[in-house]
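Numbering (my numbering), first residue to last: 1 to 79. Note that the Cβ used here is the ideal one computed from N, Cα and C, for glycine as well. Accompanying notes for the structure given below.
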Amino acid sequence: MTDRVPLRVLVFAAYPSARAGLAALLAREVGLEVEETDGGVGETAAAVHDVTVIDLTGFDDDWVETRVEHAAGRGLVLL
């Protein structure tokens, strides 16, 4: 059996309760390493991840468009 590298998931949500809830649900899954962020520019640039999960509630269209472009070539889930 080989050791698998965990899939790194970056969770964006404007509201702390939504962010924590999504992160908690995803963290229960074996093989996922979850990082939460409120979408600050510095956090986003520093985050190394394989999949981006974005709760669209509370973010404007320009913010979402920028994050979608940043996620190019990676998995992307929009809620």
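As assigned by DSSP and simplified to three states, the class of residue i
i	result
V5	coil
T66	helix
G58	coil
E19	Here the sequence assigns Arg to residue 19, which means Glu is not the residue at that position. Looking at R19 - three-state DSSP - the assignment turns out to be helix.
A71	coil
Cβ pair residue i, residue j closer than 8 Å
i	j	result
R67	V51	no
V77	V53	yes
E33	P16	no
D55	L22	yes
E36	A20	yes
L26	V11	yes
A18	T57	yes
According to DSSP, residues forming a beta bridge with residue i
i	result
T52	L10 and L76
E33	R8
Reference residue i; option with closest CA among the options
i	options	result
A71	T57, V9 and D3	V9
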